[in-house]
Structure formats: structure tokens, C-alpha cells
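A.B. asks:
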Amino acid sequence: MRRASVRNLTCSAVFVAMQIVLARFCGVQINEGLRLSFEGVPILLAGIWLGPLWGMAVGCIADVLGTIISGYGVYFPLLTVGPVLLGGLGGLGARFFLTREGGWRGALGFLAAVAFAEAVNSLLYSTWALTLYYSVIMGQEMPFSVLFAMRAATKPFSIAAETVLVFGVHRLAYRHIAAILPHAAAARPAMPKAAGRRSGMTYDEALAYIHTVAWRGSKPGLSRTQELLRRLGNPERALRFIHIGGTNGKGSTSAMTASILHAAGYRVGLYISPYIDRFNERMQIDGAPIPDDALAALTAEVQPHAEAMAAHPTEFELITSIAMLYFARSRCDIVVLEVGMGGALDSTNVIDTPELAVITAMGMDHMRYLGSTLTEISEQKAGIIKPGGDVVIYGRCPEAERVFERRCAEVHARLHRPDGALLSCGAFGLDGQSFSYGAYRDLWLPLVGAYQPYNAAVVLTGVEVLRQKGWRIPEQAVREGLRRTVWPARFEVLRRADPVCIVDGGHNPHGVRGTAESLRRLFPHTPVTFVIGILEDKDVSGVLEALLPLAGRCYTVRPDSPRAMDQEALARAVRAQGVPAEACPSVPEGVRRAMAHAGRGGVVCAVGSLYMAGEIRALFQK
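Adding 53 to a residue's 1-based position in the sequence shown gives its number in the working numbering.
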């Protein structure tokens, strides 16, 4: 609250100065009763961005100080009431329409509210106050009708110009000013409710609709998402984003970033995929998944628009659009937006230049869609780098870095890298780990993976970029945000002893190499009993090559996905590498057999696919 008050006071002082300059030094005197200027613009913006009370205060102080500075003579208090009315009425009216109406209705309401406030101030109240000023102070009789006629002849042109100018400045500057004034989110345009909204959809019906076969499949491209969002009133345009892509580490990086921003006092949306336990995890605000009833209502609202499209959206495009509507309606200050697959043609890439783009560790994955070489995959990932933006890259991959450097040069984006020389790791155990990065000393991270401190360095590099752009993120928020980060199924310890049980969603060679390194550090002399399930379109041989040197025995399972590799075929592939393997009829049975084999002092690690992580976690939560 103190930070917000200081910001509001500072911005109010700027608005006061602007009003004085515009009113006293930049106006044009048309006649005795009429002076044309844009003096009302700062007062109105103060009312809209800071609140009506702040707008009234700016109007009052600016008029008093302006009178003193300009040397007009005797101060007449009644004239000050006009700017006070302008700041209060204009701010209140404009915010009312901005927050309750979207699209053209909201725009017209905004214009009408501002014009009304201007008319009340300039044509009615100020005209009446001036008649008293001339009579009481100047000793001149100036009938209200005469002065009103003089001002009514030309003042409407000034009112119209000021109204349009205020509207234009708000639309153009809002995205930037809200980073400095988070409470200006109350003036964010509301999203229109869709026509033909269906009522009575339950949560189960919403999930069934989202997952229906009609939406299945992956079809890269932005046109369907763009059309659906356009039909919904383009909710994404009311939001600011941190866009996170890459091959591995996207989820952890997203979770840490969102946690830090929330600790800094912002209202933070988080969009991820896939989910672990419940679908609702895919869209969160301040760490809380979307409520069942909200998901059902928004799905019902989106339904008629999706079905009206000639080219139906895919499931992921449908979910992305629902999430955008949810975040906009909830007036998030910022949304941490995780890419689904790739970047350039991923449906999340419909957004304009984000506050920050982040590209995490690069590796070979989704080759069917993204390309057969690291350069081709990196070119797809580089699609989230937008003109004039800022991007933080994980680095450590020269082939990918060359692509990102070239893309930044093409679109005049600023490239930032973490400095590995500034990173030092401390205590490391089953509860988490400590590390230092640059000026940040002795940070604590509850994520166990050995690769997480460098992911955190990427996040901290991004934090510095955001600070430079005006976001208020104190060191304590960084510490608290990292300490509170929760990210399930990423080298998550489910049981601490007899045997230790770990679940990790690593599903490509680069990811599972991080899993293997973490196991080596924690259990250097203990063979690992693996529960392995892999999708058949993954690099199975690469995954096994990374894991099997640590294996004492493997139990193969089939994850809950139509793309999952048959457990018998996977067991044969493991045995071909000289490691004992047993195919199991279900994921729970695989875990049970692995735990029985590992026994006291042993280690079990379930790895290979996020599609089985939720089922495994549930076994240990009973």
C-alpha cells in the first residue's frame, strides 16, 4: 500500500505540472470569456488511471498552484471546484464504462462520460463561477446567459478535441502506464460477453466439450486462434505477457517467474500445459487454478463462437482462447504464458510484443512438427521474439544461439543472457537447494533438480529486464517468490526413504540427462530402479541412453495417452541395452513392483512422460 501511495503521489505531481503548463502557458485566449487549451487532459487521465479521488486532488492542486504561479491576482475558490468536478466525474464515468463494457460500446461510453464531465465543468459550472468572479472580484456584471453564449459558440470544439485526445492517450499508453501503476488495472477495458451465451453447462460438460474428438489434432497456425479471439472481443489485447518457450525448463521457469511477480504484489495469470492432476491447473491466477464454475461458464460462452467458425479450432487453440478470456475478465496485471509447442505457429503467439520473451534450454523434441535439426527447431522457437522486444535466452547451445541472435537483429529486439560465472550452488538435498547469483546471495529453491539453479538464473535475468522497464520487484519478493515456488512432477520427491521415490516428467534426451545428473548427485552409489513410460513419437533410444547407465532394473508402463509406446516393446528395448526389464499392466502396478524391488535404502524414479505423473502422484497422496 505504501508503494502504491508513493507511486500515486509521484504521478499526481506529474499530472499537476502538466496541467499548469497546458492551462497557463499553452492556451490560446479567444475572447474575454473563452480560453482554449488541453488543460483538462491531465486531470481526466489522473481520474482514470489513479482513481476519481486522485483526479479531484490533481484538479484542485493544479488550479490553486496555477493561479499562484500565473499571478492572476485574487484567488477565487469557486473556480477551483470546476477542475475538481472534472477529475471526479470524468474519472468515475470513464472507468465505469471501461470496466463494464467492451468493444464499441465501451468506447462510446468512455467518450460520452468524458464529454459529459467536460461539459459540466466548462459550459455549466465554470460559466456560473465566472459570472460570480466578474461580479464579486472584478466588479463587472456578466450575465450567465451572455457568458454561456460566448463559451457555447466555440467551447464544444475544445471539449471534443480534449475528449478524443484523452481516449487516444489512454488506449495507446495504458499497457505501459499500468506497469508503473498496477492499480490502474481497474481501468482496463472489460471484455464483452458473447452473444448467444449458453447457460447451465456443468464442469464435466465443459471438459467433455473441450476434449471432444472434433477438436483433436495439432494443426500449427495462428489464423484459427486469431479468429476465435476476434469473435470474443480480443481479450488478449487487454493483457501484458511474459512469453516463455523452449524445449526443457519452460514450466519451471514459468512457475518461478509467476511466483516472484505474485510476491511483488501483482495479480499474475499463469498458462501452462499439460496439467498434472486436474485440467484446471492449465490456467491459474496467483497460484490458484481456475474454479470449476468459471471454467464451465467461459467454455459455454466460447462454444457458439468456436462452432460458428468455418475452420474449427483445435483443442489447444480452444483452451488458449478460454484462458485469455479468463485472464482478461480477472484483470490480471500480467500473464506468464507458456508456449504449447514450438513458437512461431503456436496459438499462444497471437499476442503482440510481450513485456519479456524467454527461451529456455534447447533440445531435440517434437521433430515431426518443428524440424529435424536443432537449427530448424530453434527457428520455430525464435518466433516468439517480437519487434522491439526483450528476450532472455538460456544459452549454452551455440547452434540455437546463432538463430536467436539473427532473429533479434532482424526485428531489433534486445537479447539478454544469464552469466554462468555469477552462479554458485550451495546445499543440495531432497528438500531443495541453495544457490547464489550475482548480487543475490543464499537464495533457497524447493525444486530439487540439479538443473534448476540455472533455470533460476534465467528467471533472475528476466527480473532485471522487467525492473528496467518499470516493474517494481524488490529483492525480498525475489527471495520469497523462489522459496514458495511449487512445480509438481519435475524431479519431485514423493517419498523420502525406504525406498526414496521420485517422479520426473523428463521425456526427451536433453531433459532426462538433467534427471540423470540429479540422481547421480543425490545417490552416487545407489542403483536406481526405474519406472519408465514413453510416448512412441519421442526419441526413445536417446532417453534410454541417458538413463540406463544408472539403472539396476526397469519396470515399463504405458502412459495414459494414445501416443504411448507399448510397455512390452519398451521392455524389449531396455533389455537390448543389457538392463533387466519387466513390462507391467498398469502404472500403479509398475510403481508397486519397483518399490518392492528397491526396498530399504533403495531409490525409485518414475520418468519418461508427464502423462503418467498425475496418476503416480495420486498413489502417494492417499
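The beta-carbon is built from N, C-alpha and C at its ideal position, and this holds for glycine as well.
1. Below 7 Å CB to CB, which residues in the same chain sit around Ala70 once its five sequence neighbours on both sides are set aside?
2. May I have the straight-line CA-CA distance separating Ile669 from Asp405, to the nearest angstrom?
3. Roughly how many angstroms lie between the CA atoms of Ser326 and Gly393, to the nearest whole one?
4. To the nearest angstrom, how far is it from the Cα of His264 to the Cα of Gly100?
5. With distances taken between CB atoms, is the gap from Cys385 to Leu314 smaller than 8 Å?
6. May I have a chain-ordered list of the alpha helix (DSSP H) segments no shorter than 4 residues that lie completely inside the stretch 581 to 607?
7. State the CB to CB distance for the pair Arg204 and Thr180, rounded to an integer number of angstroms; the pair is presumed to be in contact (CB under 8 Å).
8. Going by beta carbon distance, what residues of the same chain come within less than 8 Å of Arg251, once the five residues before and after it are set aside?
9. Between which residues of its own chain and Ser307 is the CB-CB distance below 7 Å, once the five residues before and five after are set aside?
10. What is the C-beta distance between Ile526 and Val539, in whole angstroms, given that I count them as a contact (C-beta under 8 Å)?
11. Along the alpha helix (DSSP H) that carries Met336, what are the first and last residues, could you check?
12. With respect to the beta strand (DSSP E) encompassing Ile101, which residues constitute its N-terminal and C-terminal limits?
13. Using only the alpha-carbon positions, how far apart do Leu535 and Ala347 sit?
14. Excluding sequence positions up to five away, which residues of its chain have a Cβ less than 7 Å from the Cβ of Cys113?
15. Measuring CA to CA, which of Gly93, Leu260, Tyr186 and Leu62 is closest to Val74?
16. CA-CA distance, Met109 and Pro95?
17. Helix, strand or coil for Thr300, going by three-state DSSP, please let me know.
18. Give the DSSP-derived three-state secondary structure of Gln486 in the structure shown.
19. What does the alpha-carbon distance come out to for the pair Ala165 and Phe332?
20. With 16 as the cutoff for other CB atoms within 10 Å, does Met191 come out buried or exposed?
21. With H, G and I counted as helix, E and B as strand and the rest as coil, what does DSSP make of Ala116?
22. Whole alpha helix (DSSP H) runs in the stretch 463 to 550 with 4 or more residues, listed along the chain?
23. If you compare alpha carbons, which of Ile375, Lys591 and Pro366 is closest to Ile343?
24. Between which residues of its own chain and Glu215 is the CB-CB distance below 7 Å, once the five residues before and five after are set aside?
25. Less than 8 Å separating the beta-carbons of Gln279 and Val403?
26. According to the Cβ coordinates, are Ile329 and Ala542 closer than 8 Å?
27. Under 8 Å: do the stretch 431 to 444 and the stretch 489 to 497 share three or more Cβ pairs, one atom per stretch?
28. Quick check on Asp443: buried or exposed, where buried means 16 or more other Cβ atoms within 10 Å of its Cβ?
29. Measure the C-alpha to C-alpha separation of Glu533 and Ile212 and round it to an integer number of angstroms.
30. How many angstroms separate the CA atom of Asn61 from the CA atom of Trp107?
31. Please list the segments of the beta strand (DSSP E) lying wholly inside the stretch 317 to 368, counting only runs of 3 or more residues, in order along the chain.
32. Tell me whether the beta-carbon of Thr582 lies closer than 8 Å to the beta-carbon of Val656.
33. Which residue comes first and which comes last in the beta strand (DSSP E) that contains Ile555?
C.D. replies: The short version:
1. In the sequence shown, residue 70 corresponds to position 17, counting from 1. Non-local beta-carbon contacts of Ala70 in its own chain, meaning distances under 7 Å to residues more than five positions away in sequence, are absent.
2. Indexing the sequence shown from 1 puts residue 669 at position 616. Indexing the sequence shown from 1 puts residue 405 at position 352. Roughly 39 Å between the two C-alpha positions.
3. Position 273 of the sequence shown holds residue 326. Position 340 of the sequence shown holds residue 393. Straight-line measurement puts the Cα of Gly393 at about 6 Å from the Cα of Ser326.
4. Here the question's residue 264 lines up with position 211 in the sequence shown. Here the question's residue 100 lines up with position 47 in the sequence shown. Cα to Cα, the separation comes out at about 45 Å.
5. One-based indexing of the sequence shown puts residue 385 at position 332. One-based indexing of the sequence shown puts residue 314 at position 261. Their beta carbons are not under 8 Å apart, which means Cys385 does not touch Leu314 by this criterion.
6. Complete alpha helix (DSSP H) runs here, min 4: 593 to 600.
7. Working through the sequence shown from its first residue, we reach residue 204 at position 151. Working through the sequence shown from its first residue, we reach residue 180 at position 127. With a contact defined as Cβ atoms closer than 8 Å, Arg204 and Thr180 qualify at about 6 Å.
8. Locating residue 251 in the sequence shown gives position 198, counting from the first residue. In this prediction, Arg251 has a pLDDT of 45, which is less than 50 and means its spatial position is unreliable; what the coordinates show is noted afterwards. Hits under 8 Å: Ala353, Glu354, Gln356 and Pro357.
9. In the sequence shown, residue 307 corresponds to position 254, counting from 1. Excluding positions up to five away in sequence, the list reads Ile297, Leu323, Ile325, Val389 and Glu391.
10. Counting from one through the sequence shown, the residue named residue 526 turns up at place 473. Counting from one through the sequence shown, the residue named residue 539 turns up at place 486. No, Ile526 and Val539 are not in contact; Cβ-Cβ is about 19 Å, not under 8 Å.
11. Working through the sequence shown from its first residue, we reach residue 336 at position 283. It is not in any alpha helix (DSSP H) - Met336 instead sits in the beta strand (DSSP E) that spans Met336 to Ile338.
12. Residue 101 sits at position 48 when you count from the first residue of the sequence shown. That residue, Ile101, is in no beta strand (DSSP E); its alpha helix (DSSP H) goes Gly93 to Trp102.
13. Sequence index remark: in the sequence shown, residue 535 carries index 482 (1-based). Sequence index remark: in the sequence shown, residue 347 carries index 294 (1-based). Leu535 and Ala347 have their C-alpha atoms roughly 29 Å apart.
14. For the purposes of this step, residue 113 is taken as the residue at position 60 of the sequence shown. The answer, listed in chain order, is Thr133, Pro136 and Val137.
15. Counting from one through the sequence shown, the residue named residue 74 turns up at place 21. Nearest C-alpha to Val74 among Gly93, Leu260, Tyr186 and Leu62: Gly93.
16. Along the sequence shown, read from residue 1 onward, the residue named residue 109 stands at position 56. Along the sequence shown, read from residue 1 onward, the residue named residue 95 stands at position 42. If you draw a straight line from the Cα of Met109 to the Cα of Pro95, it is about 11 Å long.
17. As a working note, residue 300 is residue 247 in the sequence shown. Coil at Thr300, not helix or strand.
18. Taking the sequence shown and counting its residues from 1, the one referred to as residue 486 is at position 433. Gln486 sits in a strand when the DSSP states are folded into three classes.
19. By one-based count along the sequence shown, residue 165 stands at place 112. By one-based count along the sequence shown, residue 332 stands at place 279. Taking the straight line joining both Cα atoms gives about 43 Å.
20. On the sequence shown, position 138 is the one that residue 191 refers to. Exposed: under 16 other Cβ atoms inside 10 Å.
21. In the sequence shown, counting from the first residue as 1, residue 116 sits at position 63. Per the sequence presented here, residue 116 reads as Asp, with Ala not at that position. Residue state, collapsed to three classes: helix.
22. 505 to 521 and 528 to 536, all fully within the stretch 463 to 550.
23. The residue labelled residue 343 in the question sits at position 290 within the sequence shown. Minimum Cα distance to Ile343 is reached at Ile375.
24. Translated into positions along the sequence shown, residue 215 becomes position 162. These residues qualify, in order along the chain: Phe91, Gly93, Val94 and Glu171.
25. One-based indexing of the sequence shown puts residue 279 at position 226. One-based indexing of the sequence shown puts residue 403 at position 350. Against a cut-off of 8 Å, the Cβ pair of Val403 and Gln279 comes out as a contact.
26. Looking up residue 329 in the sequence shown gives position 276. Looking up residue 542 in the sequence shown gives position 489. Note that the C-beta distance between Ile329 and Ala542 is below 8 Å.
27. They do not touch, by the three-pair rule.
28. Reading the sequence shown from its first residue, position 390 is the one you call residue 443. Buried.
29. Counting from one through the sequence shown, the residue named residue 533 turns up at place 480. Counting from one through the sequence shown, the residue named residue 212 turns up at place 159. When rounded, the distance between both Cα atoms is 49 Å.
30. On the sequence shown, residue 61 is found 8 positions in, with the first residue counted as 1. On the sequence shown, residue 107 is found 54 positions in, with the first residue counted as 1. Their Cα atoms are separated by approximately 8 Å.
31. Here the runs fully enclosed are 321 to 324 and 336 to 338.
32. One-based indexing of the sequence shown puts residue 582 at position 529. One-based indexing of the sequence shown puts residue 656 at position 603. Against a cut-off of 8 Å, the Cβ pair of Val656 and Thr582 comes out as a contact.
33. As a first step, residue 555 is located in the sequence shown; it is residue number 502 there, counting from the start. First-last of the beta strand (DSSP E) with Ile555: Val553 to Asp557.
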